[in-house]
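Here the structure comes first, spelled out in structure tokens, and everything after it is commentary.
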Amino acid sequence: MLTRGTLIYIGQRLVLIVFTVIVVSFGVFAVVHSLPGNAFVSDRVHGRALQILLHQYGLDLPIPVQYWNFLKGLVHGNLGVSLYIRDLPITPLVLRELSVSAMLGGAALIVTIGLGITFGVLAAIRQNTWVDYLLTGIAVVGYSVPSFVIASLGILIFGQWLNNVSHGALFYPEPWTGTYGTLAELSLPAIALGFYTSGQITRITRASMLEVIQQDYIRTARAKGLENRIIIIRHALRNALVPITSILGPTVIGIITGSVVIENIFGIPGLGKEFVESIFQHDYNVTVGVFTIYAVLIGISNLTVDLVYTVIDPRIRY
Amino acid sequence: MATILPTPVEYAGGTLAGEQVSLWRDGVRRLRRNRLALTAAIYLMVLALICVVSLFWTPYKPNLVGSCPTYDLPSGAHPLGCDDLGRDSLSRLMVGSQVSLAVGLATAFIVLVIGVVVGLVAGYFRGTIDAFISLAINIFYGVPPLLVAVALYVLLGPSLINIIIAISATGWMDMARLSRGQALSIREREFIEAARSGGARAGKIVFGHIMPNALGPIIVQATFVIPAAILTAAFLTFLGFGVPPPTADWGGMASEGLPSLQGGFDPYILLWPAVALSVTLLAFNFFGDGLRDAFDPRQKR
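For the record, the sequence lines run as chains A and B.
FYI, the numbering for the first sequence is -7 to 310, going by the working numbering.
FYI, the numbering for the second sequence is 1201 to 1501, going by the working numbering.
Pasting the structure below:
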């Protein structure tokens, strides 16, 4: 499985990830530090007091030196301290938020892949019937309707109408409780987030299933008298999965990006919410930290997706 | 197995003799037969018309606070109701189309220019230039587009132009990759060799010979850039990184409507911009699909 070539490939990709993280974090670092204003604006400190404060957090140094200090900290896993909530270390904060976002993203990924593949397979085996038209129609709606619209409609339907109709017996509990929420609270955000990307997966699954079920080995399997269910799941879907993996990368990035919006709507204390808040609060150390984590996350998910290819399609070797 | 060839009648839509049609006219014919794409095109034309009309006339002044009672539900005088500041929702919805269309079209144009030039140059010259451009593409793929757009937008300051710049800066990679692939395959064809042996300069070959032949898939891709840009812009404005407040835009209107939806007293403020946005994106996607089926028959759905 892990041949020498694969290990070299993984090594190369890791180098590219490190390089990307350095370029991205420097870019964001330069951007946020050239902005007017800082986190101390609301403190109304001026003159000497401000100088002392800036010196205390190393903000009076030239930007390349500040960046070098940031990189030195990064190697030790230290992303510095928050400037808004004075001296709060960023690394534990960001890691906790990452775990919340990962939970939401993972749930959304399950929704996306589950819905997408089910719809795609059903549409393909019922090609040109009303089932096909309905499911492909849902798919197009899926990737045309912004996730915040789905989320708002979900809140409207499950949070209010259903609540009114059932006199409070059935409802979506809207305010997110605690750090991780409950399964009921997770359901709507995960569906709103996953529905958008599931449209593309439906499309590709349908197209590739249609191609696969015309092939000779499927006819052979039919001639052998295999049960249709087994033919579809074990023989056809197995090979139809190969093109699907090619859009897994964009799917994962779509979910990570979409989570920024969804977390802000539902008030989920994840990375995306922190990102937007830190910008509005001029808490630039946190902004840089969150961005760095995002760059690492995307690099690693892309690498994972590429390695999943080799499992699903053994012909691919690196 | 005997294959039944389609008769000329089926090809030429009525005429018995297989009339000669250019690729372009054939494409237009196929597009016109696609009802979904045609409906989408008509909707988009109506939207463009509304957008132009809203430049000169709206039922009420879109930014006039208190032109009707706050949270007024849809009524005869205000067909779509009023928002939290008592502004007429219909007028704001009409004006909001300007931002969406401007962002969509301008971004598609910028992405088209940057992506095609960068991609064709990388694909034609290969070697160091290609390696450098491909590395840049890979790095840009490694960052979440929405977040970079937010960072750029914060740096540049709040304005419509800056939204367009921020979205273009994160959206050119797909176009560049497509153009690069096209250039890589077209540069090996005989007519390029002929042009080169005829003494044509690199610029002439890339933009005079390769570009016209690569244009089909590129234009189809460009029509998908428009909805993607509108969507990203809506996300940005929804998060509060939008055009400065009094100006109406659909993402911002949806975001203003969210509290009154969550409060449970007026869902309409959010509903209208959400519907307008969704239908517009749907129309662009349907039209793009139709365009691809009509003009790029090699590509499968």
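For every residue, glycine included, the Cβ atom is placed at its ideal position computed from N, Cα and C.
Please read all numbers here as calculations on a predicted model, not as lab measurements.
Span separating the alpha-carbon of A:P235 from that of B:C1268: Walking along the first sequence from the start, residue 235 of chain A turns up at place 243. Walking along the second sequence from the start, residue 1268 of chain B turns up at place 68. Near 54 Å, if we compare the C-alpha coordinates of B:C1268 and A:P235.
Would DSSP call B:C1251 helix, strand or coil? Walking along the second sequence from the start, residue 1251 of chain B turns up at place 51. Correct three-state label for B:C1251: helix.
B:D1493 (DSSP reduced to helix, strand or coil): Within the second sequence, the letter at position 293 stands for residue 1493 of chain B. Residue state, collapsed to three classes: helix.
Segment limits, alpha helix (DSSP H) that includes A:W153: Translated into positions along the first sequence, residue 153 of chain A becomes position 161. From DSSP, A:W153 is part of no alpha helix (DSSP H); its letter is neither H nor E.
Give the secondary structure of B:F1374 by DSSP, where H, G and I count as helix, E and B as strand, and everything else as coil. Walking along the second sequence from the start, residue 1374 of chain B turns up at place 174. For the sequence presented, residue 1374 of chain B should be read as Asp rather than Phe. DSSP places B:D1374 in helix when its eight states are reduced to three.
First and last residue of the uninterrupted alpha helix (DSSP H) at B:L1347: Here residue 1347 of chain B is taken as the residue at index 147 of the second sequence, counted from 1. Residues 1345 to 1356.
Beta carbon proximity, B:M1201 to chain A, threshold 8 Å: As a working note, residue 1201 of chain B is residue 1 in the second sequence. Bear in mind that the predicted position of B:M1201 carries a pLDDT of just 42, short of 50, making it unreliable; the figure below should be weighed with that in mind. Not an interface residue.
Please compile the residues from chain A whose C-beta is within a distance smaller than 7 Å of the C-beta of B:I1339. Stepping through the second sequence from its first residue, residue 1339 of chain B is reached at position 139. Near B:I1339 (Cβ distances below 7 Å), the residues of chain A are T12, V15.
Tell me the DSSP secondary structure of B:V1265 in three-state form. Your numbering for residue 1265 of chain B matches position 65 in the second sequence. B:V1265 falls in the coil class under three-state DSSP.
CA nearest to the CA of A:G3, picked from A:R307, A:D305, A:L299, A:N256: Residue mapping note: residue 3 of chain A aligns to position 11 of the first sequence, counting from 1. Closest in C-alpha terms to A:G3, from the list A:R307, A:D305, A:L299, A:N256, comes A:L299.
Helix, strand or coil for A:P81, going by three-state DSSP, please let me know. Reading the first sequence from its first residue, position 89 is the one you call residue 81 of chain A. The answer is strand: DSSP assigns A:P81 an E or B state.
Check whether the region 86 to 100 of chain A and the region 179 to 193 of chain A are in contact - that is, three or more C-beta pairs closer than 8 Å. yes
Classify A:G39 as buried or exposed, calling it buried when 16 or more other Cβ atoms lie within 10 Å of its own Cβ. Indexing the first sequence from 1 puts residue 39 of chain A at position 47. With fewer than 16 Cβ atoms within 10 Å of its Cβ, A:G39 is classed as exposed.
What's the C-alpha gap between B:R1501 and A:S238? Here residue 1501 of chain B is taken as the residue at index 301 of the second sequence, counted from 1. Here residue 238 of chain A is taken as the residue at index 246 of the first sequence, counted from 1. The predicted position of B:R1501 is uncertain, since its pLDDT is 41 and thus under 50; a value taken from the coordinates is nonetheless stated next. Approximately 15 Å between the Cα atoms of the pair.
Cα separation between B:P1417 and B:I1367? Looking up residue 1417 of chain B in the second sequence gives position 217. Looking up residue 1367 of chain B in the second sequence gives position 167. Rounded to the nearest angstrom, the gap between the Cα atoms of B:P1417 and B:I1367 is 21 Å.
If you run the structure through DSSP and keep just helix, strand and coil, what is B:D1226? Taking the second sequence and counting its residues from 1, the one referred to as residue 1226 of chain B is at position 26. Helix at B:D1226.
Based on DSSP bridge pairs, tell me the residues matched to A:V73. What you label residue 73 of chain A is simply residue 81 of the first sequence in a count that begins at 1. Looking at the DSSP output, A:V73 shares a beta bridge with A:P81.
Alpha carbon to alpha carbon, how far is A:A143 from A:F111? Give it in angstroms, no decimals. Taking the first sequence and counting its residues from 1, the one referred to as residue 111 of chain A is at position 119. Taking the first sequence and counting its residues from 1, the one referred to as residue 143 of chain A is at position 151. About 21 Å.
Would you verify that the beta carbon of A:Y49 is, or is not, closer than 8 Å to some beta carbon of chain B? Counted from its first residue, the first sequence places residue 49 of chain A at position 57. Put simply, the CB of A:Y49 is far from chain B, with every gap to its CB atoms at 8 Å or more.
Can you pull out the residues from the region 133 to 159 of chain A whose beta carbon lies closer than 8 Å to at least one beta carbon of chain B? V133, Y135, S136, V137, P138, F140, V141, S144, L145, I147, L148, G151, Q152
Taking B:I1349 as the reference, give the member of A:Q152, A:P306, A:V288, A:V252 with the closest Cα. For the purposes of this step, residue 1349 of chain B is identified with residue 149 of the second sequence, where counting begins at 1. The amino acid occupying residue 1349 of chain B in the given sequence is Ala; Ile does not appear at that position. Ranking the options by Cα distance to B:A1349, first place goes to A:V252.
For B:A1383 versus B:Y1324, is the C-beta spacing smaller than 8 Å? As a position in the second sequence, residue 1383 of chain B is number 183, starting the count at 1. As a position in the second sequence, residue 1324 of chain B is number 124, starting the count at 1. Their beta carbons are under 8 Å apart, which means B:A1383 touches B:Y1324 by this criterion.
How would you write the range of the alpha helix (DSSP H) that A:V137 sits in, first residue to last? Start at 1 with the first residue of the first sequence, and residue 137 of chain A comes out as number 145. A:V137 -> no alpha helix (DSSP H), and no H or E assigned at all.
What's the call for B:I1426, buried or exposed, on a 16-neighbour Cβ count within 10 Å? Start at 1 with the first residue of the second sequence, and residue 1426 of chain B comes out as number 226. It counts as buried.
Identify whether B:D1284 lies in helix, strand or coil by the three-state DSSP scheme. If you number the second sequence from 1, residue 1284 of chain B lands on position 84. Looking at B:D1284 - three-state DSSP - the assignment turns out to be coil, as it is neither helix nor strand.
Between the alpha carbons of B:A1448 and A:T128, how many angstroms are there, rounded? By one-based count along the second sequence, residue 1448 of chain B stands at place 248. By one-based count along the first sequence, residue 128 of chain A stands at place 136. When rounded, the distance between both Cα atoms is 33 Å.
Take A:F258 as the anchor and find which of A:L295, A:T174, A:V7 has the nearest alpha-carbon. Stepping through the first sequence from its first residue, residue 258 of chain A is reached at position 266. Among A:L295, A:T174, A:V7, the Cα nearest to that of A:F258 is on A:T174.
Need the endpoints of the alpha helix (DSSP H) that B:W1450 sits in, please. Locating residue 1450 of chain B in the second sequence gives position 250, where the first residue counts as 1. Residues 1450 to 1462.
Go ahead and label A:A232 buried or exposed: buried means 16 or more other beta carbons lie within 10 angstroms of its beta carbon, across all protein chains shown. As a position in the first sequence, residue 232 of chain A is number 240, starting the count at 1. A:A232 should be labelled buried.
Can you list, in chain order, the residues of the region 1450 to 1475 of chain B whose Cβ is nearer than 7 Å to any Cβ on chain A? A1454, L1458, L1461, Q1462, G1464, P1467, L1470, A1474
Runs of beta strand (DSSP E) wholly within the region 211 to 274 of chain A (minimum 3 residues, chain order): With a minimum length of 3 residues, no continuous beta strand (DSSP E) run stays inside the region 211 to 274 of chain A.
Cα-Cα separation between B:L1461 and B:G1440, rounded to whole angstroms: Walking along the second sequence from the start, residue 1461 of chain B turns up at place 261. Walking along the second sequence from the start, residue 1440 of chain B turns up at place 240. Answer to the nearest angstrom: the Cα atoms are 17 Å apart.
Is B:A1240 closer than 8 Å to B:F1486 when the C-beta atoms are compared? The residue you call residue 1486 of chain B lines up with position 286 of the second sequence. The residue you call residue 1240 of chain B lines up with position 40 of the second sequence. Yes, the Cβ-Cβ distance between B:F1486 and B:A1240 is below 8 Å.
Pair within 8 Å by beta-carbon distance, B:G1403 and B:V1311: On the second sequence, position 203 is the one that residue 1403 of chain B refers to. On the second sequence, position 111 is the one that residue 1311 of chain B refers to. No.
Contact list for B:P1262 against chain A, beta-carbon separation under 8 Å: Taking the first residue of the second sequence as position 1, residue 1262 of chain B is located at position 62. Under the 8 Å cutoff, chain A gives no residues; its nearest Cβ is about 22 Å from B:P1262.
Rounded to the nearest angstrom, how far is the Cβ of B:R1287 from that of B:V1265, given a contact under 8 Å? For the purposes of this step, residue 1287 of chain B is identified with residue 87 of the second sequence, where counting begins at 1. For the purposes of this step, residue 1265 of chain B is identified with residue 65 of the second sequence, where counting begins at 1. Correct: roughly 6 Å between the Cβ atoms.
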